[in-house]
Amino acid sequence: MTSHDSSHASGARRRREAALFLWKWLQAPTRIGAIWPSGRSLARAMAAEVDLAVPGAIVELGAGTGSVTAALLQAGVPRGRLWAVERDPAMAAVLRERFPGIRVVEGDAGDLAAILRGEGVEVAAAVVSSLPLVSLPRALVTRIVEGSFALLHPEGRYIQFTYGLISPIPLRRFRLEARRVRRAWRNLPPAMVWCYRRLPDHPVVRAGG
Ligand SMILES: C[S@@+](CC[C@H](N)C(=O)[O-])C[C@H]1O[C@@H](n2cnc3c(N)ncnc32)[C@H](O)[C@@H]1O
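Going by the working numbering, 485 is the number at position 63 of the sequence shown; the sequence numbering is gapless.
Spelled out as structure tokens, the structure:
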């Protein structure tokens, strides 16, 4: 295959993925949370926050058609360490085809700790989330955030982007501290990457406990 053929093929793939995104958004806008996949600058800013020296899995939530997944792999995350959780079956199928060797879990991020323990994952070094937290039901957000911190290593980080101006996770409610990492101005719409960790008095709740 020439480089012209391969760039033509990846252009066609991107168009197919953008069409799938738009179609899914039309069906369930609050669940998808974006009209098209994240751009490269946003995906790279998310991936740059992952510290591979921390032990455990790298868990991606709401992997969609794989924009952030691709950036994580480019940033050096070994395929065997990467779990991608996606609720939509058509998007999960895209992920499986696009990224052989990573674990794609078709399921609800609200059941994260149980799902991953079922896969033999006891600890995560990072949770990298593109979930549309601000438009998901409050009870589901609670399950996602508590489940993530139940899995995260004490030095682990929860990384999240948002199109909003404030933290998409209420800090006091979850006993977390947050850092605004970077605004990806070139993303459409521009997005902010946030990085969260436990406060010293964070109540570490084991999932189901
Ligand atoms: C804003 S899109 C991000 C997709 C991709 N990571 C990107 O940045 O282009 C959010 C994704 O989260 C998925 N999603 C929403 N709620 C979910 C849930 N409870 N569990 C797992 N995935 C969910 C949607 O299906 C969608 O693919």
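A virtual CB, placed ideally from N, CA and C, is assigned to each residue, including glycine.
Inter-residue spacing [alpha-carbon to alpha-carbon] between residue i and residue j
i    : j    : result
L483 : P622 : 25 Å
R436 : P625 : 42 Å
R525 : I588 : 32 Å
P592 : P451 : 22 Å
A467 : Y580 : 13 Å
L474 : I454 : 28 Å
A600 : L495 : 25 Å
R605 : S463 : 9 Å
S429 : R520 : 15 Å
P554 : L538 : 21 Å
P459 : V556 : 17 Å
V632 : A469 : A question about residue 632 goes unanswered here, because the residues of the chain that appear run from 423 up to 631.
L504 : V550 : 11 Å
Y585 : P611 : 7 Å
E471 : W447 : 28 Å
F583 : L534 : 19 Å
F596 : D530 : 20 Å
A434 : S489 : 15 Å
V499 : A485 : 15 Å
Distance cut-off 8 Å: residue i Cβ against heavy atoms of ligand 1
i    : result
E508 : yes
P554 : yes
I581 : no
I524 : no
T487 : yes
I588 : no
T491 : yes
M513 : yes
A531 : yes
I591 : no
G540 : no
E482 : yes
P459 : yes
R453 : yes
L504 : no
L610 : no
Cβ neighbour criterion (16 or more within 10 Å) applied to residue i
i    : result
G542 : exposed
A561 : exposed
L517 : buried
G569 : buried
W607 : exposed
R509 : buried
R620 : buried
P590 : buried
G532 : buried
_Tell me whether the segment 534-550 and the segment 574-588 touch, counting them as touching only if at least three CB pairs, one residue from each stretch, are closer than 8 Å._
Yes, the segment 534-550 is in contact with the segment 574-588.
*Count the C-beta pairs between the segment 505-523 and the segment 440-449 that are closer than 8 Å, then say yes if the count reaches three, no if not.*
yes
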